[in-house]
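Novice: Just passing along the structure, written as structure tokens.
There are 2 protein chains.
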Amino acid sequence: MNFDDFKLDERGLIPVVVQDDENDQVLMLAYMNKEAYERTLEEGRMVYWSRSRGELWRKGDTSGHVQYVRSLDIDCDADTILARVIQVGAACHTGHRSCFYRRLVQMDGSESKK
Amino acid sequence: MNFDDFKLDERGLIPVVVQDDENDQVLMLAYMNKEAYERTLEEGRMVYWSRSRGELWRKGDTSGHVQYVRSLDIDCDADTILARVIQVGAACHTGHRSCFYRRLVQMDGSESKK
Numbered sequence: 036m037n038f039d040d041f042k043l044d045e046r047g048l049i050p051v052v053v054q055d056d057e058n059d060q061v062l063m064l065a066y067m068n069k070e071a072y073e074r075t076l077e078e079g080r081m082v083y084w085s086r087s088r089g090e091l092w093r094k095g096d097t098s099g100h101v102q103y104v105r106s107l108d109i110d111c112d113a114d115t116i117l118a119r120v121i122q123v124g125a126a127c128h129t130g131h132r133s134c135f136y137r138r139l140v141q142m143d144g145s146e147s148k149k
Numbered sequence: 036m037n038f039d040d041f042k043l044d045e046r047g048l049i050p051v052v053v054q055d056d057e058n059d060q061v062l063m064l065a066y067m068n069k070e071a072y073e074r075t076l077e078e079g080r081m082v083y084w085s086r087s088r089g090e091l092w093r094k095g096d097t098s099g100h101v102q103y104v105r106s107l108d109i110d111c112d113a114d115t116i117l118a119r120v121i122q123v124g125a126a127c128h129t130g131h132r133s134c135f136y137r138r139l140v141q142m143d144g145s146e147s148k149k
């Protein structure tokens, strides 16, 4: 399955869920266009499309916090990629290992709710 | 932090990465609007906005494969939610536990690549 088989959003991008291959922590969500995807495969490290800067974002070029690809999976409707990576340093620009460091809600005993 | 503080996409939606609280498997990516988010908090089970059907999607209503909320986290730039859930049955409509059941790429020794 190639990039041209993926179902892209209105911007021609596909979201990528990034998971730490060492401990299964979800690190971040980013986006790829075709060039970012192909560069990722060629280089074996994660390359994204930066929506804010409007340019290719070779993760770690500035920070040193490179992400080496372990595997890429595509979901059932081919509109999301799951990447398992070896994360050097921190995924988040704030210095946190994961971008998801702020808890909104913590439920207890929610299993029994209807 | 409330839904109105989140950074929504052009459609007024926020993506939600859904992770199995039992084994840390990434199950799916879905989207919420404000109503879906508020219903999720009220009911303690995941309610999404279906982009294809254009309506609220109370996960499990048809399939029985309900997702009970364990926690919700927001990322650094407040444009993605991470949900940890108790998954009843399978997250994917294909019957797979996770929607990410198709491998695109498997790397070996990619750590040493530059």
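So the sequence lines, in the order shown, correspond to chains A and B. Each residue of the first sequence is one higher than the one before, counting from 36 in my numbering. Each residue of the second sequence is one higher than the one before, counting from 36 in my numbering. All residues carry an ideal CB built from backbone N, CA and C; glycine is no exception.
#1: Given a cut-off of 7 Å on the beta-carbon distance, is the pair V107 (chain A) and A118 (chain A) in contact?
#2: Name the DSSP bridge partner or partners of L91 (chain A)?
#3: Give every residue of the same chain whose Cβ lies closer than 8 Å to the Cβ of N58 (chain A), excluding the five residues on either side of it in the sequence, and list them in chain order.
#4: Is the CB of I109 (chain B) under 7 Å away from at least one CB in chain A?
#5: What in chain A is Cβ-close to H128 (chain B), meaning under 8 Å?
#6: Any chance the stretch 95-109 of chain B sits against the stretch 132-146 of chain B, with 3 or more Cβ pairs inside 8 Å?
#7: For a contact meaning CB atoms closer than 8 Å, what does Q102 (chain A) contact in chain B?
#8: Would you say V82 (chain B) faces chain A, with C-beta separation under 7 Å as the test?
#9: Check this for me: beta carbons of Q54 (chain A) and V140 (chain B), under 7 Å apart or not?
#10: Spatial neighbours of L56 (chain B) within its chain, please: CB distance less than 7 Å, with the 5 preceding and 5 following residues excluded, ordered by chain position.
#11: Drop a sphere of 10 angstroms on the beta-carbon of R80 (chain A), count the other beta-carbons inside from all chains shown, and report buried for 16 or more, exposed for fewer.
#12: Quick check on D110 (chain B): buried or exposed, where buried means 16 or more other Cβ atoms within 10 Å of its Cβ?
#13: Who are the Cβ neighbours of R93 (chain B) in its own chain at under 6 Å, not counting the five residues just before and after it?
#14: Considering only heavy atoms of the ligand FAD, does any lie closer than 6 Å to the CB of E78 (chain A)?
#15: According to the Cβ coordinates, are Y66 (chain B) and L91 (chain B) closer than 7 Å?
#16: Find out if the Cβ-Cβ distance for the pair V52 (chain B), V52 (chain A) is shorter than 7 Å.
#17: Flag this pair as yes or no: are the beta carbons of K42 (chain A) and D114 (chain A) separated by less than 7 Å?
Specialist: In terms of the structure at hand:
#1: According to the sequence as given, residue 107 (chain A) is Leu; it is not Val. In this structure, A118 (chain A) lies closer than 7 Å to L107 (chain A) by Cβ.
#2: L91 (chain A) is bridged to A:W84.
#3: Here the set comprises nothing.
#4: Judged by the 7 Å Cβ criterion, I109 (chain B) is in contact with chain A.
#5: Per Cβ cutoff of 8 Å: C111.
#6: Between the stretch 95-109 of chain B and the stretch 132-146 of chain B there are fewer than three C-beta pairs closer than 8 Å, too few to call the two in contact.
#7: The premise fails here: Q102 (chain A) is roughly 10 Å from chain B at the closest Cβ pair, so nothing lies under 8 Å.
#8: So no, V82 (chain B) is outside the interface.
#9: Their beta carbons are not under 7 Å apart, which means Q54 (chain A) does not touch V140 (chain B) by this criterion.
#10: Here the sequence assigns Asp to residue 56 (chain B), which means Leu is not the residue at that position. Around D56 (chain B): R105, R119, V120, I121.
#11: By the neighbour-count rule (16 or more Cβ atoms within 10 Å), R80 (chain A) is buried.
#12: Looking at its Cβ environment, which holds 16 or more other Cβ atoms inside 10 Å, D110 (chain B) is buried.
#13: So the qualifying residues of the chain are V82.
#14: This structure does not include the ligand FAD; it has no bound ligands of any sort.
#15: Going by C-beta atoms, Y66 (chain B) is not nearer than 7 Å to L91 (chain B).
#16: Closer than 7 Å, so yes.
#17: Yes, these two residues count as a Cβ contact at 7 Å.
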